[in-house]
Amino acid sequence: QQQLKDYENEYDLIIQQDSDEITYQIDKFLENQKRCYKELRKFILNEIRSQTNSSSSEDDEMNSDLSSPKNENLKNYHRKHVKSHH
1 QQQLKDYENE
11 YDLIIQQDSD
21 EITYQIDKFL
31 ENQKRCYKEL
41 RKFILNEIRS
51 QTNSSSSEDD
61 EMNSDLSSPK
71 NENLKNYHRK
81 HVKSHH
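When you number the sequence shown by full-length UniProt numbering, it's gap-free, plus one each residue, and the end is 86.
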């Protein structure tokens, strides 16, 4: 009976340690996510700002690039892909 109690205590301890470790890892992961998100946000905002400030000739280039065949293929691929998930 005492041995059983010892085992139970040992298991409780192991489970607690695992749980703590998992919690720690998740916290760490979330912290990283938050940091990455902030950096990404900063980067995107800077990109938008620099594009807004750039000359209109660059915008024309961007537009012509958007209608290029490669992007059409990407759009179609994406459309097919999205449909297949439903």
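Built from N, CA and C at the ideal position, the CB exists for glycine as well.
Small disclaimer: the values here were computed from a predicted structure and weren't measured.
Contact test: residue i Cβ vs the ligand COA heavy atom, cutoff 6 Å
{"i": "E8", "result": "This structure lacks the ligand COA; in fact it carries no ligand of any kind."}
CA-to-CA distance, residue j to residue i, given in whole angstroms
{"i": "K42", "j": "T52", "result": "15 Å"}
{"i": "E10", "j": "R35", "result": "37 Å"}
{"i": "D12", "j": "D6", "result": "10 Å"}
{"i": "I14", "j": "L40", "result": "38 Å"}
{"i": "I44", "j": "S54", "result": "15 Å"}
{"i": "E47", "j": "F29", "result": "26 Å"}
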